[in-house]
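Those protein sequence lines, which keep their order, are chains A, B, C and D.
Quick note, the first sequence lines up with residues 1 to 420 if you use the working numbering.
Quick note, the second sequence lines up with residues 1001 to 1420 if you use the working numbering.
Quick note, the third sequence lines up with residues 2001 to 2420 if you use the working numbering.
Quick note, the fourth sequence lines up with residues 3001 to 3420 if you use the working numbering.
Take a look at the structure below.
Protein chains: 4
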Amino acid sequence: MPSSQKPDASDYSAVEVVELHGHIIDSLLLPKILDEILSRGGIYELEHMDIGVLPNDPSYAKVKVLAKTTAILEEILETIHDHGATPISQEDATVEAADMDGAFPEAFYSTTNHHTQVRINGKWTDVQDQEMDCGITMDTGGEPRCIPMLDVRKGLPIVVGHRGIRVRAGETSQRKGLFEFMSSPVSSEKPKGVTVREIAGAMREARAKNQKILAVLGPAVVHTGGVEHLTAMIELGFIQVIFAGNALATHDIEQSFFGTSLGISMDKGLPTEEGHEHHLRAINKIRRAGGIKPAVEKGILKSGIMHDCVTHNIPYVLGGSVRDDGPLTDVITDTIQAQELMRKHVRDNVGFCLMVATALHSIATGNLLPARVKVACIDINPATVTKLMDRGSTQTVGIVTDVEPFLRELVTELRKDVAV
Amino acid sequence: MPSSQKPDASDYSAVEVVELHGHIIDSLLLPKILDEILSRGGIYELEHMDIGVLPNDPSYAKVKVLAKTTAILEEILETIHDHGATPISQEDATVEAADMDGAFPEAFYSTTNHHTQVRINGKWTDVQDQEMDCGITMDTGGEPRCIPMLDVRKGLPIVVGHRGIRVRAGETSQRKGLFEFMSSPVSSEKPKGVTVREIAGAMREARAKNQKILAVLGPAVVHTGGVEHLTAMIELGFIQVIFAGNALATHDIEQSFFGTSLGISMDKGLPTEEGHEHHLRAINKIRRAGGIKPAVEKGILKSGIMHDCVTHNIPYVLGGSVRDDGPLTDVITDTIQAQELMRKHVRDNVGFCLMVATALHSIATGNLLPARVKVACIDINPATVTKLMDRGSTQTVGIVTDVEPFLRELVTELRKDVAV
Amino acid sequence: MPSSQKPDASDYSAVEVVELHGHIIDSLLLPKILDEILSRGGIYELEHMDIGVLPNDPSYAKVKVLAKTTAILEEILETIHDHGATPISQEDATVEAADMDGAFPEAFYSTTNHHTQVRINGKWTDVQDQEMDCGITMDTGGEPRCIPMLDVRKGLPIVVGHRGIRVRAGETSQRKGLFEFMSSPVSSEKPKGVTVREIAGAMREARAKNQKILAVLGPAVVHTGGVEHLTAMIELGFIQVIFAGNALATHDIEQSFFGTSLGISMDKGLPTEEGHEHHLRAINKIRRAGGIKPAVEKGILKSGIMHDCVTHNIPYVLGGSVRDDGPLTDVITDTIQAQELMRKHVRDNVGFCLMVATALHSIATGNLLPARVKVACIDINPATVTKLMDRGSTQTVGIVTDVEPFLRELVTELRKDVAV
Amino acid sequence: MPSSQKPDASDYSAVEVVELHGHIIDSLLLPKILDEILSRGGIYELEHMDIGVLPNDPSYAKVKVLAKTTAILEEILETIHDHGATPISQEDATVEAADMDGAFPEAFYSTTNHHTQVRINGKWTDVQDQEMDCGITMDTGGEPRCIPMLDVRKGLPIVVGHRGIRVRAGETSQRKGLFEFMSSPVSSEKPKGVTVREIAGAMREARAKNQKILAVLGPAVVHTGGVEHLTAMIELGFIQVIFAGNALATHDIEQSFFGTSLGISMDKGLPTEEGHEHHLRAINKIRRAGGIKPAVEKGILKSGIMHDCVTHNIPYVLGGSVRDDGPLTDVITDTIQAQELMRKHVRDNVGFCLMVATALHSIATGNLLPARVKVACIDINPATVTKLMDRGSTQTVGIVTDVEPFLRELVTELRKDVAV
């Protein structure tokens, strides 16, 4: 069978030598890169390897990549570049002026969310505002910076190709806790206690460093009875900014307005059908008041997550979607404007992100976050968690669980901290 | 289009008049029966109808069923019979002697789990030991009784056909709580608090009537950290009998034996991979001791669900399965013997059944329970809950949630009761 | 126990008599209404009932609703009104002038997606542009018409309260096929052949009536290899309009552009990781060309769903979302504008809607469709199907299955038709 | 923070040097082992490392493992031993006589499903009948052999401890296709065509080597309409043995017996409710005939999977479960007997295993299969696939898809082969 034959290296005329630094073995980067080379039709020779003797020591590998055509080689190099494999031939990055507004030159370098450096005049410089699926421009001070496609203006310098760019994917130090170890969702069959404690710990750590905690929330937070836990987290100082949509805000406000009718249903022990009228009447009331803040100030809206955001000066971005009823006055119906505002908040010192019960807003936020921001994603639907982690990166911990009990435990854990 | 034409009743020469009693409108029985008639190729005329004026008043309907052939009519009658539609022509049931061991006569009447009556000598008598998918025999005292296929012995009297048999499907009184209203699983998006309270209430009610509570448990009870909640329920007197498999018992015992190793992992905040050795060593230890009870008595097994079953005299049935490792000495490897023992327990005054995180044992138990026993089925996988409810009946409340937090809340709720 | 006691009618001083017309028994409307009355704290008396003798005959019921307070009674009446229970006291609808832009008067009537009539000057008139979660205005000709909240302008007449409005929920004629019978998703355990045939039949029927077929598509259509099936359906004339998002269009275009790279992976039999660069490069290319249509005209985009939309003059709405990369030039980033355009298409003679693998756009479309438009929703995730059906109505058939094989079978079935 | 401090090696007094051979980098074994050491409280030093220069070259690593106590060290060694890390100090295995029937000595070595060798008199010998969760005995010829716990008899020699035992986990050669690359389920969002081709290829390969193909089947094979595909596979010679339960066989037979009634429902385009009577009557008929084979011979059972097994001399094991109705005469109700028979078949030259729509029987079979047998597991429920892969090993390809369309494509692919 041909597959067991040794490939004839003489067929593989396109060659490039790449190098990798960091925790490339225990972070699985080296194996991943070797896989990518083989699966895309290349072969490799490991030219040199220094393995860290102790767990904390970084490793180093020099890998010769061979392919049958230059096109295949380029594709391989592009792919493994995202995992931190940098061509050894050290050249400066190539910069090209944008030839039109709102689009990159064809050969633009497409970013990951990992720490990236660009070589300019022989010097490696960190890219600012690291964000995936962007290009890199050079700002007026000559510093490289991520730029979304839409923000490109004709004449702006844009980095093209992938020479002179290196991704520091293997730089994270020795893995020692949940956030370093997990590469797959925490199954619903695993004990949750430790997970909750780890997340509470990461939140405390972020706050201790004066970093902000971002909460991304879906309507199931309200449906499952989690409003009180979110308001407790706001009160305790563990939420500094909220991203959500029309639905979360509407159902939160609906619960505040129509408590009595829910009250009746609670008496009878019946999960009420979500009355389609109530949510529309809630939106109508807010629109009549001129928005959430005016409704709070006029004493119309008296409790709930959105209410507490207003009274605690927690900024929120309610991003619009095509399925919105109403929507609430505060919803930003233009999705690009919403993204811009989300981006502004994300870049303003966010150190931890809690995503609860929303695929749409979680993926939107994941697109904007640099890989160094820890993320915890909670959903009862394993598909949501998997989808996020597929698009996300090693910094995400996905937990398949019921939302309300999880939030209750998290608040209990966070309170402990406050008590101490 | 032909479907909009009025069917010509003269084509429908096979005719039978059936009647229905009870809460046939609000329990959806009448609509279901009319659906069945149409979908199986028949037509109907509603000959007479008395609707209860007040909610508690029973209703009555007389329906003429017409079909093109006797075969189709018979099939329709068989199907709607299970929903309580009894042919109006009152005849005694037909009884035939079994012609061989271990199988019914071809024409045997196949039971449902609803209250059923058989007409003998002009008198309607309740069927004893009501259980689905059985036949009906007449015991020595002349009373009708459900009998499994395997227990048939040559010569035993077996009820055949469906004349002289009536199913009291519409008899449940006015629906007024969770157990009466729910016909679909409690979604993971619904608040769980009320549900937990309803279940706790149903458990208290069963205990107040001196009925037994049966717990059917899967290994995720242990995996998710639920052991302490189960032992609390045993302690509080809310579990009188347990059905499970080798896995639940093994993991419970493994946790008791190898606490220290789990301890280390807890320190480090890491969900440990379930060591395949530990569960095998746990089984080996129990086999060496001669079983769970001897292991408890010799001081080898000191805690956990199985331990507490022994110390509190809670009987358990560990039903074998082809995927069992070991198995533990206490596992009944013959599935028919296990069923027999389960049947014996189910018939011994069980009034409530809590099914947690096991499709296999839950469906097995559901097969044995009469429709009057309330069932709560808890699983994080909606497919499991749906599958059980498809096979089960209106008495089952299915809850899609994470197991451990649910059990924690249930215990908190049950303790309240004890305090009062 | 108090619950078994007969409620004392003298406590129930708030009274209203309602009536129901149509197929109220086999469509389960009457049972649902009785349930609602009881579960919201009311009681009822069935004052009069005429049951259709034959399956096609409509029925009639007169129900006295009693509650302890007027507030409870009003809530019950509001709820059951949506199911077609109209107060018997015939009054004209009340109309009030809007007191501000962009919001209804507090007491506005909130619409369902069912056929609705308004009583004006003693005459019942059909509401135009039926859509759920809207209000009703009177257009200049005096005809009632659904109006979204955002479109309200100060001074516009708005229907308030629920007197003089009736919902014809029970009007659908005798149920005789998949679309009439299904009230729960088609389980993944059921045979799919018949379902596919039924859907193909409904699509042929719509086309035979010159109605348009609307396809609502998620990116998994492309991921699973379904592009060729969609283009076949366009070719065969079974798609007249498409709703989707940036992702579907991008991945469709990416597949067209980077077929070679996918080709390589196919050779090696490896499901390639979705390269994050490719989709961004695809978007960039389209933006550089000035949009999808220019890219087709310039010969840049040569195949795929979006290409075929351009060459076959199939209009499409690409609704923006906060998670969009790029986005493509054609994406309508303002969600309200996108909704408006979707609404315009929906009202333009759409007779059938096929929703595939997208929760977001499917729910958005479901919000706009009147109940008379048949909908088939296909997704491998049961949660998506359930969520849509919860919000949708009896006209939706939900099918839990793998997308690509389903589409392949559907095309095979549709071709048969063409052959004949 | 202490975690960033370098651990003081002097605290780590318990030391052992282990070595690893094979494809330890691209098979992720080395990273996994380093992880395990750290997560269980140890530290490591990489003493020596030879990395294969070319993809096919094996690698070698010598790792010093340090722990604070001997107990922790032992636990680490036990865990990493299963991944192929063997203590460098070469000693013979220790053998101890069993002290009782039906249980191992406390210190028994617990097997994995990987190729294992035992050192006896200085010579490494392959373990026969490799199977996970067993012990190792020495047969009369002095060869090591896996033995289930239940088969232990007092006095039998049993290997204890883990010295003198090595696991060849890293031996699989260069990964080059689906079966070598996949470590996670094939998502429902991935194209299935290639997957089907790979599986067909593996089945052809097994047949070309005269190996047997084992099919493990759940009832959804019948429910979804897959009977004809299975019988085609039997006809084409791609199934040599079947494992299933009472449900698969019963529903297959039910479909054969009651085709007409299904026929009617097909005419009307309605997915019929699975009649509970039909399956019971099917079982009864088979019991009356004396089993499946007699029923075929007497002309009672005329088609279906079970029928074709009889006419093609395909052996089957129907393993009993506590949820079985009836059961069929052929069901082996004792689960230990069923396991024994399954074990006998598995060891008789099975080279490929296809698991479809059953968690119970798939896990049972996975327990018995050595890691060298390729496995494809198909289920629409991702939880089932994940559960199997968690327990299984690198040889399993899990595919989340709808069963019937998958089987149809597989048969189409297998027929191509036959044509060529």
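C-beta atoms are modelled at their ideal positions from N, C-alpha and C, and glycine is treated no differently.
Taking 7 Å as the Cβ-Cβ cut-off, the region 2066-2086 of chain C has no residue approaching chain B. Residue 1159 of chain B and residue 3255 of chain D have their C-alpha atoms spaced approximately 25 Å apart. With the criterion set as a beta carbon lying under 7 Å from some beta carbon of chain A, the members of the region 2346-2379 of chain C are 2360, 2361, 2363, 2364 and 2367, in sequence order. Pairing residue 3023 of chain D with residue 3051 of chain D, the inter-Cα distance amounts to about 9 Å. Residue 3064 of chain D carries a strand assignment under DSSP once its states are collapsed to helix, strand and coil.
Residue pairing for residue 1128 of chain B: DSSP places it in a beta bridge opposite B/1145. Assignment of beta-bridge partners to residue 138 of chain A by DSSP yields A/144.
At a Cβ-Cβ threshold of 9 Å, residue 2410 of chain C and residue 2199 of chain C count as neighbours. In the DSSP secondary-structure assignment, residue 157 of chain A is bridged to A/97.
With the criterion set as a beta carbon lying under 7 Å from some beta carbon of chain D, the members of the region 1135-1164 of chain B are 1149, in sequence order. The three-state secondary structure of residue 1407 of chain B, taken from DSSP, is helix. Per DSSP, the unbroken beta strand (DSSP E) holding residue 2215 of chain C starts and ends at 2212-2217.
Taking a beta-carbon distance threshold of 9 Å, residue 1049 of chain B counts as an interface residue toward chain C. Under the DSSP assignment, residue 2023 of chain C falls outside any beta strand (DSSP E); it carries neither an H nor an E label. Taking all protein chains in view, the Cβ of residue 1319 of chain B is crowded by 16 or more other Cβ atoms within 10 Å, so the residue is classified as buried. Relative to residue 2377 of chain C, the option among C/2367, C/2368, C/2388 and C/2032 whose CA is nearest is C/2388.
Closest by C-alpha distance to residue 3077 of chain D, out of D/3104, D/3135 and D/3014, is D/3014. Secondary structure of residue 221 of chain A (DSSP, three-state): helix. By the Cβ-count criterion, residue 245 of chain A is buried, with 16 or more other Cβ atoms from all chains shown falling within 10 Å of its own Cβ. Using beta-carbon distances, residue 31 of chain A counts as an interface residue toward chain D, with a partner under 9 Å. Here residue 2120 of chain C carries a strand assignment [DSSP, helix/strand/coil].
Residue state for residue 1238 of chain B is assigned as coil, using DSSP reduced to three classes. When the five nearest sequence neighbours on each side are left out, the beta carbons in the same chain lying within less than 7 Å of the beta carbon of residue 2343 of chain C are those of 2368, in order along the chain.
Here the region 3305-3316 of chain D lies against the region 3229-3237 of chain D, with 3 or more beta-carbon pairs under 8 Å apart. Proximity to residue 89 of chain A across A/119, A/112 and A/96 peaks at A/119, based on C-alpha coordinates.
For residue 369 of chain A, the three-state secondary structure derived from DSSP is coil. In the structure shown, residue 1387 of chain B falls within a helical segment according to DSSP collapsed to helix, strand and coil. Per DSSP, residue 104 of chain A lies in no beta strand (DSSP E) segment and is marked neither H nor E. In this structure, the beta-carbon distance from residue 3283 of chain D to residue 3328 of chain D falls below 9 Å.
Straight-line spacing of the CA atoms in residue 2221 of chain C and residue 326 of chain A works out to 30 Å.
When the Cα atoms are used, residue 3069 of chain D and residue 3032 of chain D turn out to be separated by approximately 22 Å. When the alpha-carbon of residue 58 of chain A is set against those of A/210, A/243 and A/30, the nearest one is in A/30.
Contact of residue 3335 of chain D with chain B by beta-carbon distance below 7 Å involves 1320, 1321, 1322, 1324, 1333 and 1335.
Contacts between residue 1100 of chain B and chain D, judged by CB atoms closer than 8 Å, involve 3288 in chain order. Only residues of its own chain outside the window of five on either side were considered, and among them 351 have a CB closer than 8 Å to the CB of residue 209 of chain A, listed in chain order.
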